[in-house]
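Enquirer:
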Amino acid sequence: MTRRELLALAATSVVAAASGFAAWHGFGRAAQRRPELSFRDLDGRTRSLAEWDGKLLLLNFWATWCAPCVKEIPLLVEAQQEFGPRGLQLVGIAMDQREPVAAFAQRLRINYPLLVGEADVVAAMDALGDELGAFPFSVLVAPDGRILSRHSGDLSREEIRELLSKHLPG
């Protein structure tokens, strides 16, 4: 085999492998369903994400010590207020203790359920397809439990509106 043929074969193999990975990665993620996950709320009760089946669910993983998370929360409060009547349920899942989360909830007037945890929050983020392991991390779940979208980092007002408008009735 000539050097030119060898390079052509190698290039073809790389393109085929990349295409196969992209197809597998995309199709596998698109078909993924929300796993069964439970966390404690601020009152100490165990809450399952299945409670919100039938609604468009925006899960937002955050922490009180995360500056981008704190910056994003007022936009999420606005989104819940605006889109809640159209079928949105936002749920904040904090990797933190109940006390600091409750203080933040009061100070920032958070109008959606907050759940708390520690190692279980990291495990849930991983199960939902988090690839960076950083906060904030948001997952949009269809009313039937299919994962529609994932977003690492804080969302802007425009990104939130665009994302939710695509999946909610007018």
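Counting in our numbering, the sequence shown runs from 712 upward without gaps. Think of the CB as a built atom: it goes at the ideal place given N, C-alpha and C, for glycine as much as any other residue. Keep in mind the model is a prediction, meaning the values are calculated, not measured.
Whole angstroms are fine: how far does the CA of S876 sit from the CA of P796?
Expert: The alpha-carbon atoms of P796 and S876 are separated by roughly 13 Å.
Enquirer: Using the Cα positions of L786 and L819, report the straight-line distance between them to the nearest angstrom.
Expert: L786 and L819: Cα-Cα distance of roughly 11 Å.
Enquirer: Buried or exposed: where does E747 fall if 16 or more other Cβ atoms within 10 Å of its Cβ makes it buried?
Expert: Exposed: under 16 other Cβ atoms inside 10 Å.
Enquirer: Do L770 and V802 have their CB atoms nearer than 9 Å?
Expert: Closer than 9 Å, so yes.
Enquirer: Whole angstroms is fine: what's the gap from R809's alpha carbon to G828's?
Expert: Rounded to whole angstroms, R809 to G828 spans 8 Å at the Cα level.
Enquirer: Does P847 pass the burial test, meaning 16 or more other C-beta atoms within 10 Å, or should it be called exposed?
Expert: Buried is the call here.
Enquirer: Is D752 helix, strand or coil when you go by DSSP?
Expert: Note: D752 maps to strand in three-state DSSP.
Enquirer: Cβ of G840 within 9 Å of Cβ of I821?
Expert: No, Cβ-Cβ distance for G840 and I821 is not below 9 Å.
Enquirer: For R868, count neighbouring C-beta atoms within 10 Å of its own C-beta (all shown protein chains included) and say buried if the count is 16 or more, exposed if not.
Expert: Exposed is the call here.
Enquirer: List the DSSP bridge partners of Q808.
Expert: DSSP lists no partner for Q808.
Enquirer: DSSP on S863, reduced to helix/strand/coil?
Expert: Here S863 sits in strand by DSSP.
Enquirer: Looking at C-alpha atoms only, which residue of L768, G755, A761 and V832 is the closest neighbour of L874?
Expert: Of the candidates L768, G755, A761 and V832, the one whose C-alpha sits nearest the C-alpha of L874 is L768.
Enquirer: Return the bridge partner residues of R857 from the DSSP annotation.
Expert: DSSP output for R857 lists R744 as bridge partner(s).
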